[in-house]
Each structure stands twice: as structure tokens, then as C-alpha cells.
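Data block below; observations after.
In the working numbering, the protein residues as written are 91 to 272.
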């Protein structure tokens, strides 16, 4: 018998001063039995960094051909495909062919450096790809905020983010490894 996903609920207030986006979101995150709190919370911070009313969580680990988060336009075309972790180069290239924009939020400390050395050069031809490295201290910190029911605030300014539960605040300093040319 397969194990069921664990459901987490998050009331997330976002103040993104970089994009001029302010919103409250009642999120339901299904954590796959093999998913860690760290990965689930990276999905949540990826949501916060790209928040919109149309952004939704995908099936994630339970489906390899789907993004962790996705935003579609009114015709059903994928505007934004978001993956977290260290996806295979082939999967990233496939996503770049299916979506207008693809964001990968890599995390894991030194393993990100090893992964990027393996795939970075081959991904340079993907003109709609953004790859962002989230520091391990930050992702481990936000993992400690994981609860079955969460009330969180995320403030984004000058490329930095702060996630807090009202008691603990975690600073997140993303590093852009690759972005489309302007």
C-alpha cells in the first residue's frame, strides 16, 4: 500500500517591493512521503518569489513531467514553469520547450556547485531559463518553520527575501547562476 501525501496549510502574506506585488495566499501543500521539509519549504519560497493569483503548485515528485509550480495564461499555455532541486539537464531543456519562462531554484550547498558544473554549459542555449541558487543555511532555516498549519510573512526587497513566522526570521539571499539576456 502506497503512503499518502501529508497536507500542510500555509497562510502566506507577501510584500514583494521589487515587483510591487502584495498579497495574501491560503496555500495547501501536499508533501510527498519522500519529500523533505526543506524541499517543501523551498517550493513555498519559490511561490513567494513568483507569486500571482494564477501561480499554482503542481504534483511535484509524484509526476516527473510536471513542474513544481506553474502559471498558465487564459488559453492554457504555460507562462512560467518552476522546478526546485537539481533537475536533470534533459528535463530542464524539455521544460524550456514547453513554457515561455522556466525557473529552477537549486538548493543543497556544495551539491549545487557540482550539479551546475555538470549541466551549466549545456543549458546556456536555453534562452528562457533562469537558474537560482538558494543558500543552504537559508533553506535549512526555512525547513525549521514547517508546521502542519503555518502563518508566514515574506518580504522581498532588493533581491533579498525574509521569511518569518512571527518569532523566527530567515534571510534568503538568492544567487542567480543564469538568466536570460535582457
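We put the CB at the ideal spot given by N, CA and C, even for glycine.
Computed from a predicted structure; not experimentally measured.
{"query": "Terminal residues of the alpha helix (DSSP H) in which residue 180 lies", "result": "179-188"}
{"query": "Counted within 10 angstroms of its Cβ, other Cβ atoms place residue 190 as buried (16 or more) or exposed", "result": "exposed"}
{"query": "Segment contact flag, the segment 182-198 with the segment 99-113, C-beta cutoff 8 Å, min 3 pairs", "result": "no"}
{"query": "Check: residue 120 C-beta below 7 Å from any heavy atom of the ligand FAD", "result": "Among the components modelled here there is no ligand, and therefore nothing to report on the ligand FAD."}
{"query": "Where residue 194 falls, given that 16 or more other Cβ within 10 Å makes a residue buried", "result": "buried"}
{"query": "Any 3 or more C-beta pairs closer than 8 Å across the segment 111-128 and the segment 228-237", "result": "yes"}
{"query": "Own chain, CB closer than 7 Å to residue 243, minus 5 neighbours either side, in chain order", "result": "103 and 254"}
{"query": "Alpha-carbon spacing of residue 228 relative to residue 175, whole angstroms", "result": "14 Å"}
{"query": "When 155, 165, 128 and 125 are compared against residue 144, the one with the closest alpha-carbon", "result": "165"}
{"query": "At least 3 beta-carbon pairs within less than 8 Å: the segment 253-269 vs the segment 216-230", "result": "yes"}
{"query": "Beta-carbon proximity list for residue 133, same chain, < 6 Å, skipping 5 on both sides", "result": "158 and 174"}
{"query": "The beta strand (DSSP E) enclosing residue 268, as first and last residue numbers", "result": "265-268"}
{"query": "In DSSP terms, what residue 239 is bridged to", "result": "99"}
{"query": "Of the residues 179, 171 and 192, the one placed nearest residue 149, counting alpha carbons only", "result": "171"}
{"query": "Own chain partners of residue 131 with C-beta closer than 6 Å, once the 5 adjacent residues on each side are dropped", "result": "232, 233 and 236"}
{"query": "Residue 192, buried or exposed, once every other Cβ within 10 Å from all chains shown has been counted against 16", "result": "buried"}
{"query": "Chain-order list of residues whose beta-carbon lies under 8 Å from that of residue 112 (same chain, five-residue window excluded)", "result": "104, 105 and 106"}
{"query": "Which of helix, strand or coil DSSP assigns to residue 251", "result": "strand"}
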